[in-house]
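Single-structure report; data block below.
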Amino acid sequence: MNRQVKLLLQVGAEGGILAVCRSSNPTEPRQYRFGMVDSTLQILGREEGGAPIRRDSGWLDSWDAAMKALNVYPWPRLHPVFVAPEVSLRVWGALTTSSAEASEESGEIDLPKWQSVIRASLRILPHHPLASLIVEGLADPTFAASWLDEADTTFRPYATAILALRHAGQMSADARHALLQELCQRKRVTVLSEVLGKRIPERVLRWSGQTAWEDFALADWHRFFSTALTEHRHSAIAGVRTINRTLLDQFRLIPKPLRRKGLLNIVSQLAVPPHRWESLAVNFSTVDPGMRPGLLRRAAAMEHRAEFWDLYFRCEGKYWQPFRLPAGLPQSELLEPILSPLDMDTEALVMKNCLSARSSRVLSCDRVYFRMRDRTPVNAELIRNRSGWVPGRILGAENAPVPEDVAARVRNELARMGSAITDGATYSPEAEGYLDMLRQKARVIFGNGDIDAVTHHLAAIQRNSLSSSSAYVILEMPGRGYVQFMARPDTQQYLCEISSYKFMMTAGEYLDAAAVDLIEKAGFVWPTTKANFVRWFEASSSADIEGMAAFVLATLHSLFHCRSVDELDVKSKIPPDRNDEPANVSEENVRKPKFALFSKNVTGAEILKRLGVPARQ
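For the sequence shown, the working numbering gives the first residue as 25, with consecutive numbering after it.
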């Protein structure tokens, strides 16, 4: 009688294969065989080549004997092709042992590749706690047919849930066999209902097919069923791509009105701290009723994690809530402060300037903007610096000059108001403390040479113009994000921007909760329009500039995983000392900064375009 043979393991090598097989005749003792075919010589061609080299162990009495023959070759480091389910765990055990014993000379074993091949045949990860029970179950044709059925989306999660809930690993072999039969023969919702002690609707079974079931422990199954049973038939959870631990951890914290398909999909990839959910719930409950339909549509259609944070900060309401004006700012019969970002937008339309782009300065607590109470077309600014609050620019409609007598009255009034402010002349102690922490972090992670290199770039643009000379420095982690600087010519200040998803979608993928904490705690303003995260730095000394350099390296490390200046694409443009000298930058390498300027209804991008600076690719 011809012997029936089953392939158990196949490994590909360049020009050949290694294989282990087993006899499968039920009337004979099981035997194993190792074989090798090397076709390299045949591949070389007729003149140089020859017949394939074959090696065959003959029939052996045990798996271990076949593996001993295989171990003559470095099979764990070769290309896995196939691993049969019944030997998958023994192969995986041999691989992990070999990996632990591997030396630099022998080379690393690609465990993820092996894991993928084993999972393709076993339909579960080899290190899953229930993998041995699944291997045992696959010996039963009925269980194997259900387990391997790709069209059945619920059997594998259902089976692993029941095996976990029933503590099948602690059962006797006979009890496990009976349970495996029961899984295949009885109605699934009936078995689930009996195990959980409550009626389980069909929809919950369907939703189990969307779970990341291979990652679930016993506690996760209890949380899934508890969560699913509280949801109605048309719940948005039905549209979630993957119901995983991250989503289950947060589901009960999500405000019920916001439990929409898009938001749930994003939250399954984004761990949001409880205090953020508490804040979102409170803020959403106080949002103007007219805004809620739009916010709910955003929650339903959400596709990127940056959109979650947009929703969060819209509910927080900094865009439409009044600015936090400095303590002690006195009333004035001549000037009235512009009270919110929404008012700044309105004033910008009336005055045909770009006041709307200056809201970040007020939110950063270093500017207050005013208009005339008698509606004379004048806007003025009060500026906070290290010495106190001082008058800034005074401009008419379209940034036209103001008559000197009017400008003098406004300047005197600004000086009076600035001297009355009582909240000090330094930036937020909390933000400054956080910046100091980031600077210390940079000095630990980066060498002095890296910090010195960035300091040199920043010092080179000090006091260069924000607009007409367009000096800037961009430090970019290619394909991830960037931080960029411009310096004011009239004050000792630098404008700093962190790339936002508004311009660079890849930057939005790095917006986890820690990144958002950094952006907020470091004093940056969240954009409400097409803008980056922005803030201003005082830089009156070389120590200040060195501190900015350390800050930017810590930020690039925390947000975009930079570990060395060598990884950065550094672009800078420094204007010439004389008009006939070329700028010291290669024009084809210039990438346009996204800076907002206080100019005549013209954005920073438009100004740089007029100056001939190529657009960011």
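We treat Cβ as the ideally placed atom computed from N, Cα and C, and that holds for glycine.
Under the three-state reduction of DSSP, GLY416 is assigned to strand.
A straight-line Cα-Cα distance of about 20 angstroms links ALA324 and VAL306.
The Cβ-Cβ distance between ILE133 and PRO100 falls below 7 angstroms. Beta bridge pairing from DSSP links ASN403 with ARG395, LEU419. Closest option to TYR393, judged by alpha-carbon separation, among SER411, PRO365, LYS376: PRO365.
If you compare the alpha carbons of PHE337, ALA183, ASP474 with that of LEU216, the shortest gap goes to ALA183. Nearest Cα to SER259 within the set VAL558, GLY286, ALA538: GLY286. Counting only the Cα atoms, GLY505 lies some 40 angstroms from GLY352. When secondary structure is reduced to three states using DSSP, TYR525 falls in the coil class, being assigned neither helix nor strand. Within the stretch 343-384, the complete beta strand (DSSP E) runs of at least 3 residues fall at 359-361. The Cβ atoms of GLY532 and ALA330 lie closer than 7 angstroms to each other. The bridge partners DSSP lists for PHE509 are VAL497, CYS520.
Looking from the CA of SER232, the closest CA among MET368, PHE179, LEU187 belongs to PHE179. Less than 7 angstroms separates the beta-carbon of VAL558 from that of GLU521. Counting C-beta pairs with one atom in each stretch, the stretch 166-175 and the stretch 219-231 have fewer than three that are closer than 8 angstroms, which means they do not touch.
Here the C-alpha atom of PHE275 lies approximately 26 angstroms from the C-alpha atom of ARG190. For the pair of segments examined, the stretch 85-95 was found not to touch the stretch 138-149: the number of CB pairs separated by less than 8 angstroms stays below three. Secondary structure of VAL296 (DSSP, three-state): coil. Between PHE58 and VAL35, the C-beta gap is not smaller than 7 angstroms, which leaves the two residues out of contact. The DSSP assignment places no complete beta strand (DSSP E) segment of no fewer than 3 residues inside the stretch 123-169.
With a contact defined as Cβ atoms closer than 8 angstroms, ASN556 and PHE584 miss out at about 14 angstroms. The three-state reading of DSSP puts LYS597 in strand, counting E and B together.
For GLY40, the enclosing beta strand (DSSP E) has its first and last residue at 40-47.
Within the same chain, LEU294, ALA295, VAL296, PRO297, ARG300 come within 8 angstroms of ALA537 by CB-CB distance, once the 5 residues on both sides are set aside. Taking C-alpha positions only, LEU94 is separated from LEU42 by approximately 8 angstroms. Looking at the DSSP output, VAL61 sits in a beta bridge with ILE41, ARG78. DSSP places HIS103 in the uninterrupted beta strand (DSSP E) bounded by 103-107. Annotation for LEU288: ALA260, ILE261, VAL264, LEU271 place their beta carbon closer than 7 angstroms to its own, counting only its chain and skipping 5 residues before and after. Taking a 10 Å sphere around the C-beta of SER524, we find 16 or more other C-beta atoms and assign the residue as buried. Residues of the same chain with a CB within less than 7 angstroms of the CB of GLN345, apart from the 5 flanking positions on each side, are SER364 in chain order. Per DSSP, TRP87 lies in no beta strand (DSSP E) segment; the continuous alpha helix (DSSP H) that holds it begins and ends at 87-94. CA-to-CA, the gap between HIS328 and VAL291 works out to about 10 angstroms. ARG54 counts as exposed, since fewer than 16 other beta carbons sit within 10 angstroms of its beta carbon.
With respect to the 7 angstroms criterion, LYS595 and ALA495 are not classified as neighbours on the basis of their beta carbons. LEU359 sits close to GLU437, with the two beta carbons spaced by under 7 angstroms. Assigned with DSSP and collapsed to three states, THR553 falls in coil, not helix or strand.
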